[in-house]
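A short worksheet on the structure shown next.
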């Protein structure tokens with residue numbers, strides 16, 4: 002029997018309980034993480050939280066990366082499995098962790114994300130130019146300051162000089178976020194909103210909106226939301242959470258690797274700006290065309306798979 006505590010309640014109730022579980026589990030994981038950090042990072046009672054602002058100290062960077070991992074596990078990964086189990090005892094199946102996508106589908110999906118870089122850069126450029134009304138000027142200043150601080154921390158995190166540092170970055174900034182964010186936003190939140198609205202498209206869009214909003218980076222909101230929509234459809238089409246996890250990881254890892262190998266070269270600046278200027282418009286046109294073709298191909302592949310599954314199912318009836 003697969004029914005459990007949250008299996009028969011309304012989608013709205015599931016959402017409310019889910020947010021409560023996230024808060025409780027996050028709080029507990031952070032406490033455990035801090036206790037573990039005390040002996041590992043030699044934290045004493047006189048530890049000043051303000052010292053974490055000293056980004057020139059290598060020890061501070063290590064501690065910040067550790068806490069970022071703790072936050073990701075506590076906020077995304079751990080509560081997701083608790084919520085999934087309370088909805089369905091077979092949490093692995095509920096989260097679509099039991100389905101492995103075909104290699105061909107993985108390759109096409111990852112290429113779609115990489116080829117979309119000029120379009121993503123263009124959307125980020127448009128997003129950064131959005132001005133809020135004058136009465137929101139105070140909020141706008143705070144958002145810009147928050148994003149500048151976040152950008153500064155990200156740049157410090159990325160600024161490593163050896164393979165060990167690169168591997169740590171891939172773990173902290175690519176693997177853990179990809180697994181955690183996809184499990185929660187696509188594996189739980191998207192499903193609950195699809196169930197609530199009884200509409201796949203609205204469920205995907207709402208989950209992507211929340212996904213982008215909770216990054217608290219207004220000037221990257223649009224491209225991140227569109228990325229969330231793409232990842233949402235991948236899950237719906239192929240019934241495997243591994244597909245959006247892998248694509249999300251490739252997106253993050255690609256940026257980390259480009260920074261590591263090309264940060265001191267002109268190529269890095271070109272990579273960051275491709276698609277945003279009039280001189281690179283051709284790349285944007287090509288990007289849109291290829292991405293559209295890839296998405297159409299993924300959709301048609303999905304239909305072929307569905308017809309094959311239905312055919313096999315009918316033969317066994």
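In our numbering, the protein residues as written are 2 to 318. Even glycine gets a Cβ: it sits at the ideal position worked out from N, Cα and C.
{"Query": "Pairwise C-alpha distance: residue 201 and residue 12", "Result": "14 Å"}
{"Query": "Boundaries of the alpha helix (DSSP H) in which residue 169 is found, first to last residue", "Result": "164-171"}
{"Query": "Reference residue 181; option with closest CA among 74, 169, 226", "Result": "74"}
{"Query": "Alpha carbon of residue 163 to alpha carbon of residue 20, nearest angstrom", "Result": "39 Å"}
{"Query": "Backbone CA spacing between residue 212 and residue 234 [nearest angstrom]", "Result": "14 Å"}
{"Query": "Anticipated Cβ contact below 8 Å, residue 68 with residue 176, distance rounded", "Result": "Not a contact, Cβ separation roughly 17 Å."}
{"Query": "For residue 97, three-class secondary structure by DSSP", "Result": "coil"}
{"Query": "Opening and closing residue of the alpha helix (DSSP H) in which residue 183 lies", "Result": "Note, residue 183: premise wrong, no alpha helix (DSSP H); not H, not E."}
{"Query": "Enclosing alpha helix (DSSP H) for residue 263 [first to last residue]", "Result": "243-263"}
{"Query": "CB contact flag (residue 148, residue 220, <7 Å)", "Result": "yes"}
{"Query": "Touch test, the segment 281-298 against the segment 187-197, Cβ-Cβ under 8 Å, three pairs minimum", "Result": "no"}
{"Query": "Residue 58 - DSSP class collapsed to helix/strand/coil", "Result": "coil"}
{"Query": "Separation of residue 168 from residue 63, as counted between CA atoms", "Result": "13 Å"}
{"Query": "Reduced DSSP category for residue 200 - H, G, I as helix; E, B as strand; rest coil", "Result": "coil"}
{"Query": "Nearest candidate by alpha-carbon position, reference residue 119, set 303, 7, 284, 305", "Result": "284"}
{"Query": "Nearest residue (CA-CA) to residue 108, options 245, 260, 257", "Result": "245"}
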